[in-house]
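Contents: one structure, followed by commentary.
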Amino acid sequence: MTTTLTKTRRPQKVTQHESPRRSRPATRRRNWLGGLAGWLWLVVVAVPLYWTLITSFKARSRYYASNPLVPSTDPTLENYRLVIESDFLQYFLNSVVVTVGAVVPAVAVSFMAAYAIVRGWRMRVLRAMNGLFLMGLAIPLQATIIPVYLIIIKLHLYDSLPALILPSIAFAIPLSVLVLANFIRDVPKELFDSMRVDGANEWTTLWRLAAPLTRPAILTVSIFNALTIWNGFLLPLVLTQSPDRRTLPLALWTFQGQYGVNVPAVLAAVVLTTLPVLVLYAFGRRQLLSGLTAGFSR
Amino acid sequence: MSAVTGPAQRRRPRSALPWLATPALVLFVGFAVVPLIGVFALSFTTWDGIGSIRATGLTSWRKVLTDPGLPHALWVTFLVMAVSWAVQTPLSILLGTFLAGRQRYRAVLGVVYLIPLMLSSAAIALAYKALLDPNFGLGAGLDIQALSRDWLGRPGLAFGVVIFVVSWQFIPFHSLIYQGGVQQIPKSLYEAAQLDGAGRVRQFFSITLPQLKYTIITSSTLMVVGSLTFFDLIFILTEGGPGDATRVLALDMYKRGFQASLMGPASVIAVILVLVGLGLALLLRRLGGRDAGASQLEGA
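Next comes the structure, spelled out in structure tokens:
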């Protein structure tokens, strides 16, 4: 397209080069550079994903000989069988327990705190608490892993799932409070006032008024936290030890250590651990995206 | 004192509010604030991670500060931060501007772009490790010499791979932020510019980029502070190697603490990590006059 255009234009005078553009100011010209980058990036993102997916269905013996970008002619589920037989159901359950066990309380306590901060902004205590939570956003919380390890040992929780849940909740609080407070602030004051006139206390107002009105935000924050905790690697690496306490990312890593040379099996494990998240993405995409943008770019 | 009790009594119905914030406060203090203080305390001790903790003053600090490993780790951390920022920012702005268009196919591309963001760093690192294998990876399979190098076995290449994989994972997220930013720019600005005869490129530099100022600061803050926490990705991809070519601070902390059982020196590294993170956040905040967090709470 571009080459033909320039070819026909070339005989014209240089000064006329601008004039056809100016003659149609209403239409925005195409963003060629952006378009090019957009399609190139699609390739960059898609090729590794595609390769991972098709390779996970290849027989190990075929893997080394076949063209890596062509799907196998006789796909096999052998790799997936190996992964599932390596206790991945147990790891999946562990991940579910840790994720649900951390997200539900994290969002609940964050919502209560966000409500209190918005409604009680006049109180110095609550402003101080808010400042404390905000500080948590600026500090790389991974840096606290050694004392967290010590605390977990002292609580006799080392190598248990609660050991993963408790720090996960704490690490999720700052961002959750920030985003939820943003949304609670948008609830019209009159609604709160009318609740109070009706004699409702804060606890009732919190659950009967604020929670239903900010439901999308609650869902968003939950999905975002679930993703972070589901994918977490450092906490299980440091705070657990026995194989039956592993969560999926850690199990993936140890599986690779065991079957490293069996590339299709490792990739099948990668696909399997990713599957639940992609299902979540398919269903909760809108909430997730609106949450990401609400949290960071408003 | 009486002046304080007066209004407090009038607001008695609200005094339940601090209690609502207490559970979050207790959890956050217990597992984030106390550990934060604890890491300072532990940096003045000697501990192998199992036995008893002994206070040994500045021993750990002296050990770490005289170790050539520290300036190296700081340098690698800085390089990862700077290079990944310099690679991600222009590409994210470009893709964000592109995605901000209303065409439907762009929305579809946006869906694909975001898949890497859903995956765990562990999964991504393992897939790339297999894909980049010099003997059995994608390059070797396609029989392309340029692609079948020992990507993770040479310092320069391994560093490049880390930057690439980080970009692969996070550019989509930042594109999304920029997409939101671009869509909030008033259309009238572009219409006025078009009437003045400004071209597409000129419009980008005179309108889009200046209007994105705060978005750029937000995104950069997240990138820079986030780059301090690229632990799992680098740990699985290179383990800090080859040699210590990709040994960033977070990895240095983990290896000293949990592999070499030197919790004292590891805590010193952690303290440095916290200080670097706080310093960067404050710096970026001053640069832009606001940051991701405060702007939202104060501006809403």
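Chains as they are written, first to last, in my numbering: chain A, 1385 to 1682; chain B, 59 to 358.
For each residue, glycine too, the CB sits at the ideal point set by N, CA and C.
Taking all protein chains shown into account, A/Asn-1451 has fewer than 16 neighbouring C-beta atoms within 10 Å of its C-beta and is therefore exposed. Spanning the alpha carbons of B/Leu-338 and B/Val-329 requires a straight line of approximately 14 Å. Taking a cut-off of 8 Å on C-beta distances, the region 1549-1561 of chain A does not touch the region 105-122 of chain B, as fewer than three cross pairs fall below it. The three-state reading of DSSP puts B/Thr-279 in helix, counting H, G and I together.
A distance below 8 Å separates the beta carbons of B/Met-321 and B/Gly-107.
By the Cβ neighbour-count rule, B/Val-169 is exposed, with fewer than 16 other Cβ atoms within 10 Å of its own.
In the DSSP annotation of this structure, A/Gly-1583 is not part of any alpha helix (DSSP H), being labelled neither H nor E. With the criterion set as a beta carbon lying under 8 Å from some beta carbon of chain A, the members of the region 175-189 of chain B are Met-176, Leu-177, Ser-178, Ser-179, Ala-180, Ala-181, Leu-184, Ala-185, Tyr-186, Lys-187, Ala-188 and Leu-189, in sequence order. Taking the CA atoms as reference points, B/Ala-90 sits about 20 Å from A/Val-1484.
The alpha-carbon separation between A/Phe-1667 and B/Ala-216 amounts to approximately 37 Å.
Closer than 8 Å to the CB of B/Ile-294 there is at least one CB belonging to chain A. With fewer than 16 other beta carbons inside 10 angstroms of its own, A/Trp-1423 counts as exposed. A Cβ-Cβ contact shorter than 8 Å links A/Ala-1490 with A/Asn-1609. The Cβ atoms of B/Tyr-171 and B/Pro-230 lie closer than 8 Å to each other.
Nearest CB-CB separation between A/Gly-1485 and chain B: not below the 8 Å threshold. For B/Leu-200, there are no CB contacts under 7 Å within the same chain when 5 residues up- and downstream are skipped. Residue contact check for B/Phe-194 against chain A: a CB pair falls below 8 Å. Against B/Ala-79, the close residues of chain A are Met-1496, Ala-1497, Ala-1500, Ile-1501, Leu-1510 and Met-1513, in the order they occur along the chain (beta-carbon pairs closer than 7 Å). Taking the beta carbon of A/Leu-1545 as reference, no residue of chain B falls within 7 Å; the closest one sits roughly 15 Å away.
CA-CA distance, B/Gln-146 to B/Ile-275, rounds to 13 Å.
The distance from the Cβ of B/Phe-288 to that of B/Val-224 is about 6 Å, consistent with a contact at the 8 Å cut-off. In this structure, the alpha-carbon of B/Phe-228 lies about 31 Å from that of A/Asp-1471. DSSP lists B/Thr-104 as the beta-bridge partner residues of B/Arg-112. With a threshold of 8 Å between beta carbons, B/Gly-199 makes contact with chain A. Contact annotation: the region 1612-1630 of chain A touches the region 1517-1534 of chain A, with at least three C-beta pairs closer than 8 Å.
Taking A/Trp-1637 as reference, the option from B/Ala-183, B/Arg-160, B/Asp-125 and B/Leu-83 with the minimal CA-CA separation is B/Ala-183.
When the alpha-carbon of B/Val-282 is set against those of A/Asn-1566, A/Ala-1522 and A/Val-1493, the nearest one is in A/Ala-1522. Neighbourhood of B/Gly-315 in chain A, by CB distance below 9 Å: Ile-1529, Ile-1530, Tyr-1533 and Val-1622, in chain order. Of all residues in the region 319-333 of chain B, those with a C-beta nearer than 7 Å to a C-beta of chain A are Met-321, Ala-324, Ser-325, Ala-328, Leu-331 and Val-332, reading in chain order.
Annotation: the region 144-209 of chain B contains the following complete segments of the alpha helix (DSSP H) (minimum length 4 residues), in chain order: 162-171, 173-176, 179-189 and 196-200. For A/Met-1579, not one C-beta of chain B is nearer than 8 Å to its own C-beta.
Following the DSSP letters along the chain, one finds B/Glu-249 inside the alpha helix (DSSP H) bounded by residues 245-253. Judged by DSSP in its simplified three-state form, A/Arg-1506 adopts coil rather than helix or strand. Of the other Cβ atoms in all chains shown, 16 or more fall within 10 Å of the Cβ of A/Gln-1526; this residue is therefore buried. At least 8 Å separates the beta-carbon of B/Thr-155 from that of B/Tyr-248.
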